[in-house]
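See the structure below:
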């Protein structure tokens with residue numbers, strides 16, 4: 081205290097004696113609004129004879145931040161020694177914030193802050209001050225620089241930059257693991273704890289401010305609790321009409337844990353209900369959902385009892401010593417009786433009926449039964465939505481099904497319709513079953529060749545060749561495995577040119593029976609084939625196949641089947657064929673002309689020698705229209721029998737082979753012709769090598785069958801005058817030439833004979 085007083089006294093003496101010129105005194109108290117004592121003295125210019133006082137130069141001011149007063153805050157004062165208070169000195173201010181933040185009174189040099197300052201925004205301002213002559217505008221003092229510092233006040237509390245802070249600690253953690261952990265913390269009792277943390281600022285002129293934050297401490301769950309059923313027995317009631325797969329009840333075990341530690345798995349303990357029921361876990365509610373695996377029947381069994389076990393899915397090995405993490409409960413299910421529809425004895429009824437069965441014929445029956453305790457009668461009817469009611473009828477009491485129309489399998493082979501059974505006591509309870517009616521085929525149509533075949537056989541075909549494979553079709557809907565038989569018709573089986581080989585697979589082959597076929601002899605063959613089926617009654621049909629003979633090459637390839645090609649050589653062009661035809665026509669014309677000329681010559685010779693009986697015979701032989709065979713004999717044998725002995729060969733026909741003549745006895749010259757002919761006839765009759773049409777034998781019976789009877793000169797009149805040839809005119813135009821020749825001589829004119 082004494083030292084402090086001494087220092088105060090020394091400072092007063094110095095100031096009062098003018099030894100010190102304080103440019104900046106001690107800053108006044110912060111909230112004082114009265115006159116300030118902050119002064120900066122500027123050194124002025126003095127004469128050389130005047131003693132210069134040296135002073136302490138303060139180069140900074142202080143101003144409070146966040147000033148809330150009604151008047152501008154006083155900062156300090158500028159003052160020059162040359163200012164005598166006469167108003168001749170002017171003070172100026174420049175630098176940071178001059179004019180906007182700070183102002184100066186030009187006369188007095190007082191500096192004020194005209195707005196509130198924030199040290200956290202700008203901690204200090206650098207300014208320059210100068211004193212000038214108000215009249216001459218010349219500086220009285222050199223420019224002086226000073227600083228105004230913003231004085232900090234405790235206006236901001238401390239803050240936690242990354243809050244809020246969250247920490248977790250496992251429940252049941254021992255004391256000391258985390259300093260803030262409380263002993264025996266249990267998440268099931270309290271899940272989260274809050275800790276208030278405070279940070280205090282001890283600095284500042286107004287004292288320290290405190291900043292606070294809250295730390296949330298969340299307990300992490302562990303699987304330390306087993307699931308437990310709230311009750312040991314669960315009772316469920318299930319209608320017997322419940323569908324398979326439907327949920328029929330729920331049970332729940334409670335686990336105080338959370339998250340995956342609370343996940344529970346349910347299982348049915350093997351026993352009474354393992355085959356009929358199943359249980360699954362609802363992931364949202366952790367309940368056990370009991371589902372039906374098979375249909376229930378009240379009339380068969382009315383109640384079921386089984387056990388269900390609940391256990392944790394995720395186990396924590398640290399808590400195995402606590403005990404088994406599972407629990408067991410008993411489930412009792414009571415089956416409720418439901419009024420059910422009648423039940424058919426079969427899931428599907430299949431029946432058969434022959435087509436064309438008389439209307440009203442019973443083909444089968446269906447049966448349904450009411451299985452409820454109080455059984456009821458059942459009525460039957462055909463579902464109107466199907467077409468079975470138009471073809472069939474059903475008896476409503478006994479369920480027999482009968483035909484309502486004639487059935488045709490070729491039109492519809494199968495009928496499928498529904499039959500409905502309803503209870504008489506409750507017609508709304510109905511059940512439905514399908515009836516399948518198969519229409520059996522009656523063998524109505526015979527099998528026939530399926531397609532028309534164009535069959536050809538080669539001229540050079542060999543016996544045993546298959547020239548065509550044929551198949552047959554039956555318009556009946558024949559059963560599977562039906563065999564069709566092929567064979568020749570009975571009339572064609574006698575010396576057949578072709579035969580049928582049955583392959584026993586509903587096909588057959590046409591087989592040749594000859595060694596070669598000639599188109600010149602027969603171009604077409606008609607082969608009747610009989611085809612019959614194996615159904616009842618057996619139906620058969622005869623199908624005629626046309627086989628054409630064709631010309632083929634050596635490989636059996638058909639070259640031509642046309643009739644015109646028979647007479648045409650192979651490989652000739654049209655021009656060559658025309659040339660050949662012209663040559664043939666010319667040759668025919670020459671032959672006809674030659675024959676005509678020769679015939680004319682013979683006629684002339686006949687006319688000149690008509691007095692000769694032999695010539696007359698020759699003339700008759702050429703022109704006799706009534707003769708059936710005019711060249712059947714040689715009259716020369718009659719005229720000279722000795723010549724026949726010399727000529728040993730027969731001249732009426734051309735012999736096939738040359739044979740030795742037979743030795744015959746000589747004939748005398750005076751032998752009668754009749755005896756000669758009879759002798760020759762006898763020889764021919766007993767000769768086994770003589771043909772049956774010997775000329776002499778034929779001549780003996782010449783004229784049979786002619787209207788003129790025999791024209792032989794044998795047994796005729798001895799003289800020509802004794803004969804009357806007038807009857808030749810009555811025999812018709814065929815004997816006109818003879819009538820003219822043997823008639824009156826004056827009436828015959830050889831020139832008119834043609």
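Residue numbers (this note's numbering): 81 to 834. Glycine included, each C-beta is placed from N, C-alpha and C at the ideal position. A quick note: this is a predicted structure, and the numbers were derived from the prediction, not measured.
Secondary structure of residue 821 (DSSP, three-state): helix. As computed with DSSP, residue 230 is found in a beta bridge with 143. Distance from the Cα of residue 589 is smallest, within the candidate group 571, 194 and 610, for 610. The Cβ neighbour count for residue 373, taken over all protein chains shown within 10 Å, is under 16; the residue is labelled exposed.
For residue 456, same chain residues with a beta-carbon under 6 Å away, outside a window of 5 residues either side, are 450, 503, 504 and 505 in chain order. Listed in chain order, the non-local C-beta contacts of residue 564 below 8 Å within the same chain comprise 527, 552, 554, 586, 611, 612, 613 and 614, local neighbours out to five positions each way being set aside. Scanning 591, 319 and 331 for the CA closest to the CA of residue 312 turns up 331. Taking one beta carbon from each stretch, the region 538-549 and the region 460-472 have fewer than 3 pairs nearer than 8 Å; the two do not touch.
Separation of residue 664 and residue 529 (C-alpha to C-alpha, rounded to the nearest whole angstrom) is 48 Å. Under the DSSP assignment, residue 757 falls in the alpha helix (DSSP H) whose first and last residues are 753-766. Assigned with DSSP and collapsed to three states, residue 568 falls in strand. For residue 470, there is no enclosing beta strand (DSSP E); the enclosing alpha helix (DSSP H) covers residues 468-471.
Collapsing the DSSP output to three states places residue 673 in a helix. Residue nearest to residue 500 within the set 509, 227 and 176 is 509 (criterion: CA-CA distance). For residue 160, the number of other beta carbons within 10 angstroms of its own is at least 16, and it is reported as buried. In this structure, DSSP gives residue 630 an extended state, which the three-state scheme calls strand.
With 16 or more other CB atoms across the displayed protein chains lying within 10 angstroms of its CB, residue 625 is buried. By the neighbour-count criterion, in which 16 or more other beta carbons inside 10 Å mark a residue as buried, residue 606 falls on the exposed side. Under the Cβ criterion (8 Å, minimum of three pairs), the region 430-440 counts as touching the region 519-526. Under the 10 Å beta carbon count, residue 678 is surrounded by fewer than 16 other beta carbons and is classified as exposed. Residue 665 sits in a helix when the DSSP states are folded into three classes.
Annotation for residue 389: the continuous beta strand (DSSP E) segment containing it runs 383-392. In this structure, DSSP gives residue 657 a helical state, which the three-state scheme calls helix.
Contact annotation: residue 319 and residue 418 have beta-carbon atoms nearer than 7 Å. DSSP places residue 153 inside the beta strand (DSSP E), whose first and last residues are 153-160. In the three-state scheme derived from DSSP, where H, G and I count as helix and E and B as strand, residue 809 is classed as helix. Taking C-alpha positions only, residue 376 is separated from residue 490 by approximately 47 Å. Shown here, residue 199 sits in coil according to DSSP, grouped into three states, outside any helix or strand. Per the C-alpha coordinates, the member of 391, 191, 174 and 162 positioned closest to residue 151 is 191. By the neighbour-count criterion, in which a residue is buried when 16 or more other Cβ atoms sit within 10 angstroms of its Cβ, residue 758 is exposed. Scanning the region 465-542 from its first residue to its last, the whole beta strand (DSSP E) runs of 3-plus residues come out as 472-474, 480-483, 494-503, 510-520 and 535-538. For residue 494, the number of other beta carbons within 10 angstroms of its own is below 16, and it is reported as exposed. Counting along the chain, residue 377 sits inside no beta strand (DSSP E), nor does DSSP assign it H or E at all.
Distance check between residue 187 and each of 177, 201, 214 and 193 places 214 closest, using alpha-carbon atoms only.
Excluding sequence positions up to five before and after residue 474, its CB lies within less than 6 Å of the CB of 460, 462 and 481, all in the same chain and listed in chain order.
Looking only at 340, 380 and 410, the smallest Cα-Cα distance to residue 392 is reached by 340.
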